[in-house]
Amino acid sequence: MDTDNRSSSQMATWIGQLVTLLILATCLVGAYVSGGARLLDTQLSDVRYSWLQRPASGEIVLVDIDAKSLAEVGVWPWPRRLHAAFLKAAAEAGARRVAFDVDFSSRANGDDDEAFAEALGTTGLETFLAAFVQYDAASGTTLPSLPIPSLLAVSWPASINVPIDADGRVRRFPLSMDVDGETIISMPAVLAGRQEIGGDFGIDHGIAAASIPRISYVDLVGGRIAKGLLAGKTLIVGATAIELHDLFPVPRAGIVSGSTVIALATESLMQERALTSWRPPLPMALLLLVSGGWLVVRNPLRRSVLALAGASVAIEGAAAWLYIERAVMAETAELQLAIGAITLWSLVREFDLRQFRLWVSRVESRNMARLLERVVDDGFDAIVIVDEQGVIKRINEVARRLLDLPRTDRVGELADLPTALVQAIEEAMSELDDVATGRPPVRRTVKLTGKDDACVLEYTVSPFWLEDRRRGGGEGRRLRYASLLLHDVTDRETAQEQLRFAAFHDSLTGLPNRRALEAKLDELAAGNSPVALLAFDLDRFKGVNDALGHATGDAVLVETARRATSVLPSDAAVFRIGGDEFLVLVRSTDGDRARRLAERIVQEVSRVYEVNGHRVSIGTCVGIATANDGGIDPSVLRRQSDVALYQAKRTAAGPVVEFDLSMDTARLERLALERDLAQALEIGAFELAYQPQASLQDDAWTGAEALIRWRHPERGFVSPADFIPVAEETGMIHKLGAWVLHQACQDALHWPEAIKIAVNVSPLQFLSGDIVGAVHSALASSGLDPQRLELEITESAFVGENHRLSGIFDELLALGVSFALDDFGTGYSSLGYLHRFPIAKIKIDRSFVTDIPESRHSMAVLRSVVVLARGLGIRTIAEGVETASQAAVLREIGCGEVQGYLYSKPLDIVRSTELFEKGSRMRRIGYEKTGDLLRAVG
1 MDTDNRSSSQ MATWIGQLVT LLILATCLVG AYVSGGARLL DTQLSDVRYS
51 WLQRPASGEI VLVDIDAKSL AEVGVWPWPR RLHAAFLKAA AEAGARRVAF
101 DVDFSSRANG DDDEAFAEAL GTTGLETFLA AFVQYDAASG TTLPSLPIPS
151 LLAVSWPASI NVPIDADGRV RRFPLSMDVD GETIISMPAV LAGRQEIGGD
201 FGIDHGIAAA SIPRISYVDL VGGRIAKGLL AGKTLIVGAT AIELHDLFPV
251 PRAGIVSGST VIALATESLM QERALTSWRP PLPMALLLLV SGGWLVVRNP
301 LRRSVLALAG ASVAIEGAAA WLYIERAVMA ETAELQLAIG AITLWSLVRE
351 FDLRQFRLWV SRVESRNMAR LLERVVDDGF DAIVIVDEQG VIKRINEVAR
401 RLLDLPRTDR VGELADLPTA LVQAIEEAMS ELDDVATGRP PVRRTVKLTG
451 KDDACVLEYT VSPFWLEDRR RGGGEGRRLR YASLLLHDVT DRETAQEQLR
501 FAAFHDSLTG LPNRRALEAK LDELAAGNSP VALLAFDLDR FKGVNDALGH
551 ATGDAVLVET ARRATSVLPS DAAVFRIGGD EFLVLVRSTD GDRARRLAER
601 IVQEVSRVYE VNGHRVSIGT CVGIATANDG GIDPSVLRRQ SDVALYQAKR
651 TAAGPVVEFD LSMDTARLER LALERDLAQA LEIGAFELAY QPQASLQDDA
701 WTGAEALIRW RHPERGFVSP ADFIPVAEET GMIHKLGAWV LHQACQDALH
751 WPEAIKIAVN VSPLQFLSGD IVGAVHSALA SSGLDPQRLE LEITESAFVG
801 ENHRLSGIFD ELLALGVSFA LDDFGTGYSS LGYLHRFPIA KIKIDRSFVT
851 DIPESRHSMA VLRSVVVLAR GLGIRTIAEG VETASQAAVL REIGCGEVQG
901 YLYSKPLDIV RSTELFEKGS RMRRIGYEKT GDLLRAVG
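Note that full-length UniProt numbering has the sequence shown beginning at 1, numbered continuously upward.
Structure below.
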């Protein structure tokens, strides 16, 4: 009977074990068929990447559109002319290919697109542009995004779409992409020279992403990279700045940019590390399961577990060999699951289930206690645990240090803590009831002053209940506890305070900045407070910067801020708006008081500066605007102060000007003139008149001066004295001057070859324009002999004398043109320039001709100029000659040429041509005894 019972028991045991194996086998087959083990496979493959770290080949260089580049360029999206400049810089650096991981699927500025397309086609670089498909929520389909046609015409598209695994990471890259029936090779495949179509490959994340060379976009464009660094390299351009959101999670490297993913995929292909996968067949997993079950049944637990662990290690060792040597990623999850299932089964067989659960519970409890102790002791945060009796039950070393508590065997009491923390703990405990766990913890900060310095602590208080079980059984009671968590945020608070200060203050002078001014004006506007705004800037400051350097210029700005601040009353503040612009805000609308303050500012700022070993003289003007009607519009007040400052700088009204409404009218008229001038340039509304010039020695016509005329349909004739200064201030003088040169040279072709054409040139065309290019273009397009072109310049052109100015004169002289010094004697002292620059003619200003022969002063000046010019070998011409007596005097003292209404008024091209073609002799002046006339006037 006992034998039968034992047999039945053994049979039941074997049947139970067989059923367990069948259940495990069924689960394994289900996992295999459904792919449920994919997550484990990806985790195992991610671990293998760290077993062998491979460096990048160095053939790929990442060009990062990083935070530094965004800050330096200042806008996004970038103008595509910047990419054109990048391609030119890459070509000059010796790069071989450039791939852009940038979306060019939409048109930008037409000129920028054209410049980028031209650079793609002419730099000689092999270029690839990103192509991709994206989901359109409106239509529920995927739409292709290809570069615009003008860019595709000169470059190759390359696909950049990547599949995302279930855990959100990128592990594979397609070889190609189909778009509207056309196959586009992926960017890594193109860069690695692969032509396979369809399918994908595994990226070898064992290649260290950090070993891929990378540079900043703006460093390459700005020429700030080592010579030869990019020679023969392939450049991948992509966004790495966090704010551009082109980031992907990958194994091992963590979060990387899209361009880094492309680079890793390219390196995988180039190094023959494109990963393929191998999945063991299902029978192999089932065989392993059955073999493991037989092993468990036939051997003790310890031996079985060791054997199964060895099998697991062997499987992973083989997988590691396949990965390292053959670039094959084995999917071993099913095999490992089979081993794990058998191991678990062996443990369940060995232990009674209840005992196993009790054992697990005790182990977890001990481990949790040890873990919590370790967290408390070794954590970065300070932790204090207090009971309802006010006894500190636990405090770690970080808390002792932050709270400046002594290290003693005594744990401590609540009263040992700072008052603010004691109050927070008591308040939190008092709100803990029998049902809820208390309010959610609130983050607070407290500032503590220690022996050496102060610190700022951020803390949270979390109250909770614990059960107090009495010995010997019975029901326990609940005790209140509170956990105090602190950490030092002094550095963070200091940094935030510095950021707050930097946001509203100028970094150079320490003054409040534009943002602070706007905030203050908004505050005053809300309260309808009366205010006055004083605007001032520094005269000749640009010259100081250019001549003495920015360090000296910065020192001048700092001293200006100090001086302006020193004269302010208590209800005023000075702001630096930018550059050399300052604004003073006064909480008063007393006009006399504001003017007195402005005059003090002018007086202080205009005193000589002694900075960096230099004595600097700088002046200033002040514009005043007030809001005294109880309503402040900050933008209007700012504009009015700027208009008043503009008026002070450009009129003789004095250095301090108060705004009045008439200035708005003048400003609007000025803006209208600027608009009309720009329109006149566009439609060609200007014309030229020519005033002939004659020789006093042989009465021959020698040339003509080109005079610009503008007849406005509404304004009528607009004087050059009105619109030329506007053209100079707005920069339109360069286009206008180029047109005058071109038209004058064209018209001069109709005259006899002996007749020269004189063209006035603005000093700004020398200082900031391309006068050499304009002259060369006018001569080339007209075919005029350069020796017939004479450029008239004023003495103010020499104020900014430098090597560049000398170079411009040399280039123009090499073309064959000559120079005349216009309005001689009315401006700066230019005697020193006559022998340093190639001046061929001096043009005596009409102010010295008008009152001869009566004025002894004018006669003396004329004789001196003629004698000086003769001594230097320079010809002379007098303008404004209107009477025969003036001409006779000029002939007698030796002046070479004349120009004025006595001979001819300004003529259009037709009448001037007729005049010159009638004969080369002008009409003679009716004075035969000019010597007697000269003697009569002294």
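Cβ atoms here follow ideal geometry from the backbone N, Cα and C, with glycine treated the same way. Fair warning: this is a prediction, and the values are worked out from it, not measured in the lab.
Annotation: Q271 is outside any alpha helix (DSSP H) and is labelled neither H nor E by DSSP.
Bridge partners of Q389 according to DSSP: none are assigned. Non-local C-beta neighbours of D908 in its own chain, meaning closer than 7 Å and more than five positions away in sequence, comprise A689, ordered along the chain. The residue among T123, Y901 and A56 with its C-alpha nearest the C-alpha of V98 is T123.
In the DSSP assignment, D747 falls within the alpha helix (DSSP H) that extends over I733 to A748. Distance from A555 to L511 at the Cβ level is roughly 15 Å; contact not present, criterion being Cβ atoms closer than 8 Å. Secondary structure note for A840: it is in no alpha helix (DSSP H), with a DSSP letter that is neither H nor E.
Under the three-state reduction of DSSP, T449 is assigned to strand.
Within the same chain, Cβ atoms closer than 8 Å to the Cβ of P55 are found at I207, A208 and S211, the five residues on either side in sequence being excluded.
Under the three-state reduction of DSSP, P725 is assigned to helix.
Here DSSP, grouped into helix, strand and coil, assigns D66 to coil. Residue pairing by DSSP places A551 in no beta bridge whatsoever. Going by DSSP, L538 is part of the beta strand (DSSP E) stretching over V531 to L538.
9 Å or more divides the Cβ of V363 from the Cβ of I425.
Annotation: the continuous beta strand (DSSP E) that includes K756 extends over K756 to N760. Distance from the CA atom of A820 to the CA atom of P213, rounded to whole angstroms, is 59 Å. By the neighbour-count criterion, in which 16 or more other beta carbons inside 10 Å mark a residue as buried, S566 falls on the exposed side.
In this structure, the beta-carbon distance from I874 to V898 does not fall below 9 Å. The closest CA to that of V865, considering only S885, L87, A888 and K841, is found on K841.
Around Q640, the same chain offers A625 and F659 as residues with beta carbons nearer than 7 Å, after the five sequence neighbours per side are excluded. Straight-line spacing of the CA atoms in A117 and L220 works out to 19 Å. Linking V574 to L583 through their CA atoms gives a straight-line distance of about 6 Å. Distances from the CA of S430 to each of R576, A482 and G238 were compared; the closest alpha carbon is that of A482. Cβ contact annotation for L557 (same chain, cutoff 7 Å, sequence separation greater than five): L508, T509 and D580, in chain order.
For D178, the pairing in a beta bridge is given by DSSP as T183. DSSP places Y609 inside the beta strand (DSSP E), whose first and last residues are Y609 to V611. With distances taken between CA atoms, D404 lies nearest to T449 out of R443, T449 and A369.
Ranked by Cα distance from L244, the options V75, L264 and M368 are led by V75.
In the structure shown, the three-state DSSP call for T883 is coil. Annotation for A598: L534, V622, I624 and V656 place their beta carbon closer than 7 Å to its own, counting only its chain and skipping 5 residues before and after. A direct Cα-to-Cα measurement between I324 and L191 gives close to 24 Å.
Here the alpha carbons of K227 and I60 stand approximately 17 Å from one another. Within the DSSP bridge table, the entry for A878 names I844 and V898 as partners. By the 16-neighbour rule on beta-carbons within 10 angstroms, I757 is buried.
Less than 9 Å separates the beta-carbon of N612 from that of L548. For the pair S268 and F132, the CB atoms are not nearer than the 9 Å cut-off.
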